[in-house]
Amino acid sequence: MPIVAQSTETTDWVSRFADEVIEESERRSPGKPVVVASGLSPSGPIHLGNLREVMTPHLVADEVRRRGHEVRHLISWDDYDRYRKVPAGVAGVDESWAEHIGKPLTSVPAPAGSAHPNWAEHFKAAMVASLGELGVEFDGISQTAQYTSGVYREQILHAMKHRADIDAVLAQYRTKQQPPKKQQKAVDEAELEAAEGSGAADEDDGTGSSGYFPYKPYCGGCGKDLTTVTGYDDDTTELTYTCAACGFSETVRLTEFNRGKLVWKVDWPMRWAYEGVVFEPSGVDHSSPGSSFQVGGQIVGIFGGERPIGPMYAFVGISGMAKMSSSKGGVPTPADALQIMEPQLLRWLYARRRPNQSFKIAFDQEIQRLYDEWDKLDAKVADGSALPGDVAAHARAIGTAAGELPRTPRPLPYRTLASVADVTAGHQDQALRILSELDPEHPLTSLAEARPRYDRAEAWINTHVPADQRTIVRAEPDGELLKSLDDASLRSLRLLLDGLEDHWSLDGLTHLVYGVPKVQAGFSADAGPKELPPEIKTAQRTFFALLYRLLVSRDTGPRLPTLLLAVGQERVRALLGQ
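Residue numbers (our numbering): 86 to 663.
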């Protein structure tokens with residue numbers, strides 16, 4: 086695996102952040118592993134916007150590893166957060182699940198039919214599997230395990246002791262009139278929630294009628310966090326709370342009590358200090374005054390730490406699916422994306438754009454263009470003509486410091502594979518026949534050579550192309566249409582049929598179908614665009630539409646050379662009236 090050039094030799098954003106992270110880590114903790122972090126809440130499907138929370142530090146951590154440094158990429162699973170609301174679109178979930186609102190995510194049953202012990206583990210498992218496929222190396226930390234085992238006991242006691250200092254920081258922002266947030270585009274509430282992460286920023290900050298307390302117990306009666314701390318003794322650590330949900334009240338000692346957590350705006354900076362985090366990105370709304378990242382930068386000092394460096398990351402949009410939101414149905418997740426694209430392509434989409442640049446992930450026809458762009462980059466890297474920044478993004482996409490990710494041995498064009506999968510409708514023997522004829526000099530001998538890309542293209546056809554856009558080859562010739570054709574149309578078909586045998590390959594048929602209208606107009610089939618009048622393009626479109634109508638009873642369809650190969654010479658001749 087080649088080492089990616091350092092920032093003095095390339096312009097990619099990952100190298101620049103790696104420079105800063107290494108320097109900052111040496112300043113803060115010389116000789117110790119570099120610590121980068123992500124935070125994910127398994128409160129529902131973890132979507133492709135949340136993936137940026139992981140991919141940004143992953144790419145930086147991987148670059149630091151490539152340079153020979155030891156790195157820990159922590160993923161903090163915020164599974165001790167409260168269950169905030171019943172997400173739409175999660176199979177088996179209905180409004181009766183509202184009874185669990187306020188409980189820790191790990192205390193909520195998993196959705197119906199799940200093999201996992203609770204709600205958090207159910208959604209965590211899908212993300213862990215996707216990260217494995219993407220080559221993301223990380224240390225996972227369950228916040229349920231941390232809090233319930235007493236790992237943070239000293240930090241909790243410290244926060245309670247210094248609650249007046251914390252309250253003073255928060256008070257600076259409670260009284261401020263915050264200016265309107267600067268957004269890169271119009272966003273809705275759901276998108277802002279997704280950018281924040283778990284939605285925990287909407288929690289209260291610990292202020293109550295009895296004073297300020299940065300700790301919130303889960304109720305010993307009903308298990309929910311609808312509790313209010315009514316008193317605390319610093320000497321004995323006795324804390325008294327009441328529950329608004331069930332009326333339960335009790336007094337506990339925080340030196341022994343493990344059923345509660347720090348409020349979000351204190352919890353996050355506490356963890357920065359506890360783990361020694363040097364780099365962590367934050368969602369777009371963290372740039373506003375009073376946001377968790379900004380406030381945390383002051384509170385972290387109370388715990389003896391420093392705020393991590395790290396960029397604000399922008400939204401990840403979706404092309405071809407409903408707008409992404411962790412609270413709505415049809416949420417595109419990394420698993421959804423990996424069903425239709427190889428890990429290398431998905432990694433590349435995150436690597437090639439700076440974190441503060443928004444981008445879209447395609448689930449519609451645009452995926453074919455993205456794959457074309459990726460294949461062109463692959464070829465440029467291979468022949469040495471790619472720009473340094475593109476070379477770096479490519480290297481980060483195809484693998485990590487540990488080595489290259491598994492790749493398709495024969496990466497045929499995605500749009501070609503999709504067309505073949507469309508026309509053959511699951512018949513693998515037919516798919517192999519067509520693919521083996523694409524390049525007669527180097528025929529494909531097994532579908533395994535085209536996998537997993539072929540499987541991804543087939544999945545895209547089956548799951549994201551509407552039924553009315555699928556290709557169904559005619560069973561019989563369209564006799565009425567053939568009888569109605571004028572002499573020019575019949576001659577164009579004859580020119581095509583006469584050239585089929587000699588041009589039976591992807592390149593050959595491409596040359597043939599584009600060449601027929603040229604020859605009819607008195608030009609050479611090899612004539613380039615500059616040698617031809619504009620009318621030739623119109624004639625080509627008319628000819629293509631005729632072929633589509635005769636072959637699939639539509640005016641459009643898969644690329645004609647691929648379609649002809651898929652139909653086969655004998656059947657093409659029959660459908661075109663020979």
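Glycine included, each C-beta is placed from N, C-alpha and C at the ideal position.
Taken in chain order, the unbroken stretches of alpha helix (DSSP H) that lie wholly in the stretch 536-598 and span 4 residues or more are 538-549, 564-569 and 572-584. Around Ala533, the same chain offers Pro494 as residues with beta carbons nearer than 8 angstroms, after the five sequence neighbours per side are excluded. Under the three-state reduction of DSSP, Ser161 is assigned to strand. Using a Cβ distance threshold of 7 angstroms, Thr229 and Asp164 count as a contacting pair. By the Cβ rule, the stretch 95-107 counts as touching the stretch 141-149, because three or more pairs are nearer than 8 angstroms. Taking the Cα positions, Leu661 is about 14 angstroms away from Ala573. Under the three-pair Cβ rule at 8 angstroms, the stretch 467-482 counts as touching the stretch 417-434. At the C-beta level, Leu582 and Gln663 come within 7 angstroms of one another.
Inter-segment contact for the stretch 302-318 and the stretch 332-343 is present: three or more beta-carbon pairs are separated by less than 8 angstroms.
Taking 8 angstroms as the upper bound for CB-CB distance, Leu125 and Met212 are in contact here, some 7 angstroms apart.
Here Glu543 is buried: its Cβ has 16 or more other Cβ atoms, across all protein chains shown, within 10 Å. Val348: not part of any beta strand (DSSP E); DSSP gives it neither H nor E. When rounded, the separation of the alpha-carbon atoms in Pro602 and Leu578 is 10 angstroms. Using a Cβ distance threshold of 7 angstroms, Cys331 and Thr312 do not count as a contacting pair. Between the stretch 456-474 and the stretch 511-530, the count of Cβ pairs shorter than 8 angstroms is below three; the stretches do not touch. Separation of Leu255 and Thr292 (C-alpha to C-alpha, rounded to the nearest whole angstrom) is 10 angstroms.
Burial of Gly381 is indicated by the presence of at least 16 other C-beta atoms within 10 angstroms of its C-beta. Exclusion of the five residues before and after Val466 leaves Val476 and His479 as the residues of its chain whose Cβ lies within less than 7 angstroms of its Cβ. Per DSSP, Ala436 is one residue of the alpha helix (DSSP H) stretching across Pro428 to Ala436. For Trp459, same chain residues with a beta-carbon under 7 angstroms away, outside a window of 5 residues either side, are Leu430 and Trp433 in chain order. Tyr499 and Leu585 have their C-alpha atoms some 24 angstroms from each other. Nearest neighbour of Thr322 by Cα position, chosen from Asp310, Phe333 and Glu341, turns out to be Glu341. Within the same chain, and ignoring the five residues on either side of Val106 in sequence, the residues whose Cβ sits closer than 8 angstroms to its Cβ are Val119, Val121, Val145, Val149, Val363, Phe364 and Ile394.
Each residue's CA atom was taken as its position, placing Tyr599 and Ile557 some 23 angstroms apart. Note: Cys328 is bridge-paired with Thr312 in the DSSP secondary-structure output. When the Cα atoms are used, Lys301 and Gly345 turn out to be separated by approximately 6 angstroms.
Comparing alpha carbon positions, the residue from Gly220, Thr647 and Ala630 closest to Arg639 is Ala630.
The C-alpha of Pro619 is placed about 43 angstroms away from the C-alpha of Asp421. Around the beta carbon of Thr641, fewer than 16 other beta carbons lie within 10 angstroms, which makes this residue exposed. Nearest to Arg634 by C-alpha distance, out of Ala103, Glu489, Glu565 and Gly593, is Glu565.
In this structure, Leu502 lies away from Leu591, with their beta-carbon atoms at least 7 angstroms apart.
Counting only runs of at least 4 residues, the stretch 92-142 fully encloses the following alpha helix (DSSP H) elements, listed from N- to C-terminal order: 98-113. Residue state for Ala447 is assigned as strand, using DSSP reduced to three classes.
Under DSSP, Tyr297 forms a beta bridge with Thr292. Straight-line spacing of the CA atoms in Ile446 and Tyr539 works out to 19 angstroms. Looking only at Leu645, Leu636, Leu219 and Gly607, the smallest Cα-Cα distance to Glu427 is reached by Leu219.
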